[in-house]
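In this note's numbering, the protein residues as written are 78 to 411.
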Amino acid sequence: MHKIHPILSGLFALALSTGALAQQPIVIKFSHVVANDTPKGQGAERFKELAEKATSGRVKVELYPNSTLYKDKEELEALQLGAVQMLAPSLSKFAPLGVKEFELFDLPYIFPGKDVLNRVTEGPIGKSLFKKLESKNIVGLAYWDNGFKQMTSHKPMHDPSDFKGLKMRIQSSKVLDAQMRALGANPQVMAFSEVYQALQTGVVDGTENTPSNIYTQKTHEVQEHLTVSDHGYIGYAVIVNKKFWDSLPADIRTELEGAMKEATKYTNAIAQQENDKALNNIKQSGKTTVYTLNAKEKSEWRKALLPVQKEMQGRIGKDLINAVNKESATLGYK
Ligand code: LMR
78 MHKIHPILSG LFALALSTGA LAQQPIVIKF SHVVANDTPK GQGAERFKEL
128 AEKATSGRVK VELYPNSTLY KDKEELEALQ LGAVQMLAPS LSKFAPLGVK
178 EFELFDLPYI FPGKDVLNRV TEGPIGKSLF KKLESKNIVG LAYWDNGFKQ
228 MTSHKPMHDP SDFKGLKMRI QSSKVLDAQM RALGANPQVM AFSEVYQALQ
278 TGVVDGTENT PSNIYTQKTH EVQEHLTVSD HGYIGYAVIV NKKFWDSLPA
328 DIRTELEGAM KEATKYTNAI AQQENDKALN NIKQSGKTTV YTLNAKEKSE
378 WRKALLPVQK EMQGRIGKDL INAVNKESAT LGYK
C-alpha cells in the first residue's frame with residue numbers, strides 16, 4: 078500500500094478542518110437588559126426566529142435577556158470589543174459612547190405622538206444619528222419602539238412640587254438628569270438591573286419607566302404610587318459591531334437585514350398594546366395606586382419641564398431639536 082506523503086496528508090487534514098469550519102454557524106450574541114415579555118424582548122425573539130430561518134441555520138442568534146450577560150454600561154463596551162455582536166440599548170444610553178445627540182429622545186414632551194416619533198426614526202434625523210455611530214465601530218440597524226414613561230415613587234405625584242427632594246433613579250443621560258432637577262428631585266444614575274433592589278431598600282425613592290418595564294421588573298410591588306404622565310419616551314437602537322457586520326458574507330447580511338426589517342415591524346406594532354396591557358396589569362395587581370394627571374396638572378408639568386428643551390440645546394443641538402418640533406408642527410401639533 079502506498080503511503081501518503083506527509084505534506085499531502087497535512088493538506089488533506091487542513092481541507093477537512095476548514096470544511097468543518099465552513100459548517101459552523103455564524104453566532105450572533107444578542108444581549109439586552111429587559112424581560113422577554115416586553116416589546117424589546119419579543120422583538121429579539123422574533124429576530125432570532127426570522128434570522129435563523131432565512132439563513133437556513135447558517136446564522137445562530139443567542140439571546141441573553143435580563144442583564145444575564147452584561148449590565149447597561151458593560152454591554153456597550155462588550156459590543157465595541159466584539160464580545161457580543163448585537164444589542165438594543167435604550168436611546169438614553171448612547172452618550173457614554175460619545176454620541177450625546179441621541180439624548181434628543183429624552184427631552185420631556187418632545188414627541189406629542191407616536192406619529193412624530195416615527196417621522197424622526199424613519200426619516201433623515203434617524204439616519205443622521207446612525208451615521209454618527211460608524212466612527213465608534215457600530216452600525217445602527219433599526220429603531221425599536223417601547224413607549225411613553227410614567228413616574229413611580231412611594232408618595233403621590235400630582236404636582237411638580239411633589240418631587241422636591243425625592244431621589245429618582247435615571248438612565249445615564251444628562252437630559253434626564255436635567256429633567257429630574259427641573260422637578261426639584263435628585264437624580265441618581267443606576268443600571269436597570271439594580272433598580273428593584275434600590276427601590277426596595279430605599280436607596281432611591283422613585284423612578285420613571287414604561288409600564289411594560291415597570292410591570293415585568295415588579296417595580297409596582299415596591300412603589301406605592303404611579304402617575305400616568307407620558308412626560309418622556311423610551312425606545313431603542315438595534316446596533317451591531319461594525320467589524321463583525323462588514324465581515325459577513327453579503328448574502329447573509331442581506332438575509333439578516335430582511336429579518337431585522339420584519340422584526341422591527343413586529344416590535345413597533347406590539348409596543349403600544351404591550352404597554353397598555355402592562356398598565357392594566359399594574360392596576361389589577363392592587364399593589365400600587367395609579368393616578369392619571371388631569372388637564373390642569375398636565376399643564377403644570379409641561380410648564381416645569383419644557384424649559385429643559387432650551388436648557389439642553391447646547392448639548393443636543395438647536396437644529397436637531399427644531400427639526401423635531403417642525404415635524405410636530407407639520408403633523409398638526411401645536
Ligand atoms: C432602563 O434602563 O430604564 C430601560 O431603558 C431599560 C430598557 O432597556 O428598556
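Heads up, the beta-carbon is just placed ideally off N, CA and C, and yes, glycines get one too. Because the structure is a prediction, the values reported are computed rather than measured.
- [ ] Look at the alpha carbon of E377 and the alpha carbon of L370, and state the distance between them as a whole number of angstroms.
- [x] 10 Å
Task: 8 Å CB neighbourhood of R258 in its chain, flanking five on each side removed - done: Same-chain partners within the cutoff: P264.
Open item on the list: Going by the DSSP bridge assignment, what does Y313 pair with across the sheet?
Closed with: S167, W221
Task: Backbone CA spacing between F240 and Y368 [nearest angstrom] - done: 15 Å
Open item on the list: In chain order, what are the residue ranges of uninterrupted beta strand (DSSP E) at least 3 long that sit wholly in the stretch 235 to 267?
Closed with: 244 to 247, 263 to 266
- [ ] Provide the residue span of the beta strand (DSSP E) that contains T304, from first to last.
- [x] 302 to 305
TODO: Look at the alpha carbon of A275 and the alpha carbon of Q294, and state the distance between them as a whole number of angstroms.
DONE: 12 Å
TODO: Under 7 Å Cβ to Cβ from K236, same chain only, skipping five residues before and after it: list those, please.
DONE: Checking the displayed sequence, the identity of residue 236 turns out to be Asp instead of Lys. The answer, listed in chain order, is E374, E377.
- [ ] Could you tell me if the beta carbon of K265 falls within a distance shorter than 8 Å of some heavy atom in ligand 1?
- [x] Residue 265 is actually Gln in this sequence, not Lys. Checking every heavy atom of ligand 1 against the Cβ of Q265, none is found closer than 8 Å.
Open item on the list: Could you give the first and the last residue of the continuous alpha helix (DSSP H) run that contains L276?
Closed with: 272 to 277
- [ ] Give the DSSP-derived three-state secondary structure of Y292 in the structure shown.
- [x] helix
TODO: Confirm the yes/no value for this check: CB of N345, any heavy atom of ligand 1, distance under 8 Å.
DONE: no
Open item on the list: Runs of 3 residues minimum, wholly inside the stretch 102 to 185: which ones carry the beta strand (DSSP E) assignment?
Closed with: 103 to 108, 136 to 141
- [ ] For M228, name the three-state secondary structure that DSSP assigns.
- [x] strand
Task: Residue(s) in a DSSP beta bridge with I215 - done: N318
Open item on the list: Checking the sheet assignment: what are the DSSP bridge partners for E285?
Closed with: M228
Task: Whole-angstrom distance between I215 and V317, CA atom to CA atom - done: 6 Å
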